[in-house]
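Okay, so here's the structure we're looking at.
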Amino acid sequence: MTPITCAIIGTAGLPARYGGFETLAENLARQNREAPQPMDLTVYCPGRGGPQRYEGARLRYVPLPANGAFSVPYDIISMLEAVRRGTDTILLLGVSGALALPLIRAVSRVRIVTNIDGLEWQRRKWGWLARHVLRLSERAAIRWSHHIVADNPAIARRVTFEFGRACHVIPYGSDHGVVLPIRNSPSPGPALAIARIEPENNVEMVLEAFAQMPERCLTFVGNWQASRYGRRLRARFAACPNLDLQDAVYDPLALSRLRRRASVYIHGHSAGGTNPSLVEIMPYRIPVLAFATGSNWQTTEGRALYFTSCASLCAQLEDLSEESAQQIGDDMAAIAERRYRWTDVAARYFSLLAASCRPATTKITATRPSWRSASFRSKPLAVSEK
Numbered sequence: 001m002t003p004i005t006c007a008i009i010g011t012a013g014l015p016a017r018y019g020g021f022e023t024l025a026e027n028l029a030r031q032n033r034e035a036p037q038p039m040d041l042t043v044y045c046p047g048r049g050g051p052q053r054y055e056g057a058r059l060r061y062v063p064l065p066a067n068g069a070f071s072v073p074y075d076i077i078s079m080l081e082a083v084r085r086g087t088d089t090i091l092l093l094g095v096s097g098a099l100a101l102p103l104i105r106a107v108s109r110v111r112i113v114t115n116i117d118g119l120e121w122q123r124r125k126w127g128w129l130a131r132h133v134l135r136l137s138e139r140a141a142i143r144w145s146h147h148i149v150a151d152n153p154a155i156a157r158r159v160t161f162e163f164g165r166a167c168h169v170i171p172y173g174s175d176h177g178v179v180l181p182i183r184n185s186p187s188p189g190p191a192l193a194i195a196r197i198e199p200e201n202n203v204e205m206v207l208e209a210f211a212q213m214p215e216r217c218l219t220f221v222g223n224w225q226a227s228r229y230g231r232r233l234r235a236r237f238a239a240c241p242n243l244d245l246q247d248a249v250y251d252p253l254a255l256s257r258l259r260r261r262a263s264v265y266i267h268g269h270s271a272g273g274t275n276p277s278l279v280e281i282m283p284y285r286i287p288v289l290a291f292a293t294g295s296n297w298q299t300t301e302g303r304a305l306y307f308t309s310c311a312s313l314c315a316q317l318e319d320l321s322e323e324s325a326q327q328i329g330d331d332m333a334a335i336a337e338r339r340y341r342w343t344d345v346a347a348r349y350f351s352l353l354a355a356s357c358r359p360a361t362t363k364i365t366a367t368r369p370s371w372r373s374a375s376f377r378s379k380p381l382a383v384s385e386k
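Mind the numbering: the sequence shown is residues 1 to 386 in UniProt numbering, read in order.
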């Protein structure tokens with residue numbers, strides 16, 4: 001039986017370094033290699049050359065950067081190349097190139113499954129024009145893709161409410177980040193935060209909170225030198241002896257060491273869906289304090305602690321007892337075991353990609369939620385196959 005050919009488009013290449021889409025592509029490649037009936041998998045990467053294969057997947061290169069304004073032509077050229085090679089199905093990660101989907105649909109029979117990410121157009125780092133283009137791209141992706149994937153029920157609810165389309169909810173996995181043995185209880189070590197140093201990740205709020213609590217130590221890992229914003233924050237808080245502002249760490253063993261010795265994890269992300277850095281800490285039985293968004297609440301099933309300001313973060317840390325920390329850590333690990341295993345995540349992606357290449361035999365329906373059900377503490381969207 002000829003395997004289905006699938007192109008993964010929209011990543012910054014393999015091997016993965018931090019990025020959620022890159023981590024997804026890498027783990028799909030790894031799981032595909034072990035599958036009983038593997039797909040013929042190709043991952044499109046930026047640059048002019050590199051390894052031809054990684055984790056069993058074929059790598060093809062497009063000589064453009066994958067991020068910023070170049071992400072639009074990068075994704076479009078990747079899709080056109082995949083179509084030229086007769087690919088059966090495209091897994092499009094993100095919406096940067098989605099404005100070209102009507103053309104792709106017009107000139108080919110390729111099936112398109114799009115992970116729309118998490119409201120990329122709302123991120124504070126974008127200017128007005130970029131936000132407008134990303135908003136249009138999101139609409140095009142939802143209109144012209146054969147299947148839509150969201151990594152979080154909060155995002156899926158919005159897609160169904162605004163556009164009336166069913167949306168598959170497939171999260172990210174977390175178990176790839178577990179390299180060292182996990183402790184049975186939180187460590188007495190410092191608090192930990194791992195994030196891109198961007199305004200929507202509330203980096204300044206987190207640093208200000210810990211600067212006000214000199215008795216509590218924080219290790220914050222991120223790309224401080226990549227932007228004026230990051231350099232400004234690093235210079236401002238460099239004199240705080242309880243703050244350890246480390247450059248980005250990509251080595252899995254080093255990351256595992258940092259996570260394993262953390263006493264609490266601080267997650268300040270305010271945009272996006274299921275964030276990889278959040279699910280990757282959950283198997284470690286570490287209590288999580290997350291910024292209060294619908295996506296973060298859904299990811300942790302309301303079992304973490306939540307903050308909205310510098311003051312509320314300080315209050316949550318002051319009130320966190322040893323017993324509560326243990327319980328929250330246990331809850332996070334249980335959720336990760338049940339929801340965020342790569343074997344399950346990959347199986348759901350491969351099932352959807354394979355089904356997209358077959359004549360439809362199922363009808364997918366979705367309930368349209370009310371304004372009330374779309375609120376912060378609402379239940380997951382009821383999506384069913386009949």
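For glycine and all other residues, C-beta sits at the position ideal for the given N, C-alpha and C.
Sorted by chain position, which residues of the same chain lie with C-beta nearer than 6 Å to Gly230's C-beta, five sequence neighbours on each side aside?
Hits under 6 Å: Ile197 and Trp224.
Expressed to the nearest angstrom, what Euclidean distance is found between the alpha-carbon atoms of residue 398 and Ala325?
What the structure shows of the chain is the stretch from 1 to 386, and residue 398 is not part of that stretch, so it cannot be assessed.
Could you pull out every unbroken alpha helix (DSSP H) segment of at least 4 residues lying fully inside the segment 317-365, listed in chain order?
Taken in chain order, the unbroken stretches of alpha helix (DSSP H) that lie wholly in the segment 317-365 and span 4 residues or more are 322-339 and 342-356.
Work out the CA separation of Asp117 and Pro287 for me, nearest whole Å.
CA-CA distance, Pro287 to Asp117, rounds to 26 Å.
Output yes or no for whether 8 Å exceeds the beta carbon distance between Ile90 and Val110.
In this structure, Ile90 sits near Val110, with a CB-CB distance shorter than 8 Å.
Can you name the residues that DSSP bridges to Ala150?
DSSP output for Ala150 lists Val169 as bridge partner(s).
So, are the CB atoms of Pro51 and Ala12 less than 8 Å apart?
In terms of Cβ geometry, Pro51 and Ala12 do not form a close pair [threshold 8 Å].
Under 8 Å, do Val345 and Gly177 count as touching if we go by C-beta distance?
Taking the C-beta atoms as reference points, Gly177 is found no nearer than 8 Å to Val345.
Give me whichever residues DSSP pairs with Pro46 in a beta bridge.
Bridge pairing for Pro46: Val62 [DSSP].
Within a Cβ cutoff of 8 Å, which residues of the same chain sit near Val107, ignoring the five residues on either side of it in sequence?
Same-chain partners within the cutoff: Val83.
Contact check, Met213 vs Cys310, beta carbons under 8 Å:
No, the pair does not count as a contact, with Cβ atoms beyond the cut-off.
Rounded to a whole number of angstroms, what is the C-alpha to C-alpha distance between Ala7 and Arg60?
Taking the straight line from one Cα to the other gives about 10 Å.
Between the beta-carbon of Asn184 and the beta-carbon of Gly273, is there less than 8 Å?
Between Asn184 and Gly273, the C-beta gap is not smaller than 8 Å, which leaves the two residues out of contact.
Start-to-end residues for the alpha helix (DSSP H) that takes in Leu24
For Leu24, the enclosing alpha helix (DSSP H) has its first and last residue at Gly20 to Glu34.
Cβ contact (3+ pairs, closer than 8 Å) linking the segment 295-313 and the segment 257-273
Cβ pair count under 8 Å is three or more, so yes.
Range of the contiguous alpha helix (DSSP H) that encloses Leu134
Per DSSP, Leu134 is one residue of the alpha helix (DSSP H) stretching across Trp128 to Trp144.
Report the option in Asp319, Ala209, Met332 and Trp128 whose CA atom is closest to the CA atom of Ala304.
The candidate whose alpha carbon is nearest that of Ala304 is Met332.
Go ahead and pull the three-state DSSP assignment for Ala69.
Three-state DSSP puts Ala69 in a helix.
My guess is that Thr23 and Pro276 are in contact by the Cβ rule of under 8 Å, so how many angstroms apart are they, rounded?
Taking a contact as a CB-CB distance under 8 Å, the pair Thr23 and Pro276 counts as one, their CB atoms being some 6 Å apart.
Where Tyr250 falls, given that 16 or more other Cβ within 10 Å makes a residue buried:
Exposed is the call here.
What separation, rounded to the nearest whole angstrom, lies between the Cα atoms of Thr362 and Leu93?
Low local confidence applies: a pLDDT of 38 at Thr362 is under 50, so the model's placement there is unreliable, with the coordinate-based value given in what follows. Rounded to whole angstroms, Thr362 to Leu93 spans 24 Å at the Cα level.
Buried or exposed, going by whether 16 or more other CB atoms sit within 10 Å of the CB of Gln37?
Exposed.
What are the boundary residues of the alpha helix (DSSP H) that includes Ala209?
Start and end: Val203 to Ala211.
State the start and end residues of the unbroken beta strand (DSSP E) segment that holds residue 390.
This structure gives no information on residue 390, because the portion of the chain shown stretches from 1 to 386.
Beta-carbon proximity of Arg30 to Glu55, cut-off 8 Å
Taking C-beta atoms as the reference points, Arg30 and Glu55 count as a pair closer than 8 Å.
Just to check my reading of the structure: Ser145 and Thr114 have Cβ atoms closer than 8 Å, yes? What is that Cβ distance to the nearest angstrom?
At roughly 4 Å, the Cβ-Cβ gap stays under 8 Å, so Ser145 and Thr114 are in contact.
Per-residue DSSP class, three states only, for Thr274
It is coil, neither helix nor strand.
Sub-8 Å separation of Ile4 and Cys357 beta-carbons:
In contact: Ile4 and Cys357 (Cβ atoms closer than 8 Å).
Please report the straight-line C-alpha distance between Gly49 and Ile77, rounded to a whole angstrom.
So the alpha carbons of these two residues sit roughly 16 Å apart.
State buried or exposed for Trp128, treating a residue as buried only when at least 16 other CB atoms are found within 10 Å of its CB.
Result: exposed.
Residues in its own chain within less than 8 Å of Pro171 by CB, not counting five upstream and five downstream?
Excluding sequence neighbours, Pro171 sits near Asp151, Asn152, Thr274, Val279, Thr299, Arg339, Tyr340 and Val345.
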